[in-house]
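Undergrad: Following this message is one structure expressed as structure tokens.
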Amino acid sequence: MAAKKKAKGRTRRGRAPARRQASARKGPARPAKGSRARRAAAPARPGGGAPASGKNAGMAFTVRFASTDEDRDLAFALRRKVFEEEQGVPRPLDRDAHDLNADHVVVFDGGGRCVGTGRAVRVDNRVCQVGRMATAEDQRGKGVGGMVLDYLERMASLRGLKEIVVHAQLPAESFYRKRGYVTETPTFLEEGVPHVRMRKMLVQ
Ligand SMILES: CC(C)(COP(=O)(O)OP(=O)(O)OC[C@H]1O[C@@H](n2cnc3c(N)ncnc32)[C@H](O)[C@@H]1OP(=O)(O)O)[C@@H](O)C(=O)NCCC(=O)NCCS
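Position 132 of the sequence shown, counted from 1, bears residue number 398 in the working numbering, the numbering being contiguous throughout.
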């Protein structure tokens, strides 16, 4: 299947998968078998996810939805590195209860290192919250975060959701603004870190 990075502005209306029951044993629930969301979550090619395109062409990044415990552990390890070690966020952000039901995206570089991740947690029938967006420090500005966000937005659309919210750290506000998110609150502190809430309406 041809790899596609473009997810923004997708117009196909996705069928919302049946509400999922997840357990710690099973890990994150997957979209219903045979559903569009399940097909979208499947790797674009047998060996892994879709190779990156656009400004990443030649960078040999591979992006996919995390579908195994190993993928998720790599995502958690990257979060730990970025949020705890680099940013010194006082509370562990490597995993929490929302991870069981979230959609997770992972990006790998040409050497198989996990260099990007992010997740989307369903809030209600209309809205999901994107968070835990992290790119390895030495790989920022190469489109990795944009690819993660594209994948999460595409999955949200396929699930029939209408809006995405994000609590953006102030330095990341421009990253989201460039991708259509609008700031809707004054700055507030979360885990001692200044954030703003931003929102994007998904095009259906
Ligand atoms: C925010 C983050 C995930 C973006 O990832 P990324 O892989 O650098 O994103 P991209 O390369 O797709 O896009 C970077 C864009 O954001 C802008 N940007 C804003 N702040 C930036 C920063 N601190 N570092 C790199 N780019 C930044 C760049 O100008 C670039 O703009 P462009 O799309 O016009 O080129 C990454 O900077 C990161 O992991 N930051 C630390 C953790 C964090 O703050 N997470 C967000 C919590 S809300």
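We treat Cβ as the ideally placed atom computed from N, Cα and C, and that holds for glycine.
Where does residue 312 fall in DSSP's three states?
TA: Any answer about residue 312 is weak, because its pLDDT of 30 lies below 50 and its placement is not dependable; what the coordinates show is given next. Looking at residue 312 - three-state DSSP - the assignment turns out to be coil, as it is neither helix nor strand.
Undergrad: Return the chain-ordered ranges of every beta strand (DSSP E) run that is complete within the region 425-457 and spans a minimum of 3 residues.
TA: 429-435, 454-456
Undergrad: Does the beta-carbon of residue 444 have 16 or more other beta-carbons within 10 angstroms, so that it is buried, or is it exposed?
TA: exposed
Undergrad: With residue 429 and residue 393 assumed to form a contact (beta carbons below 8 angstroms), what rounded beta-carbon distance in angstroms separates them?
TA: 5 angstroms
Undergrad: How about residue 414 and residue 382: are their beta carbons less than 8 angstroms apart?
TA: yes
Undergrad: Roughly how many whole angstroms lie between the Cα atoms of residue 451 and residue 345?
TA: 25 angstroms
Undergrad: When you measure from the CB of residue 441 to every non-hydrogen atom of ligand 1, does any distance come out below 7 angstroms?
TA: yes
Undergrad: Would you identify the three-state DSSP class for residue 332, choosing helix, strand or coil?
TA: coil
Undergrad: What residues in its chain sit with their C-beta under 6 angstroms from that of residue 389, if we drop five residues either side in the sequence?
TA: 395
Undergrad: Hey, out of 342, 369, 341, whose CA is closest to residue 421's CA?
TA: 369
Undergrad: Determine the direct distance from the alpha carbon of residue 391 to that of residue 406, and round the result to whole angstroms.
TA: 33 angstroms
Undergrad: Is it the case that the CB of residue 356 approaches a heavy atom of ligand 1 more closely than 7 angstroms?
TA: no
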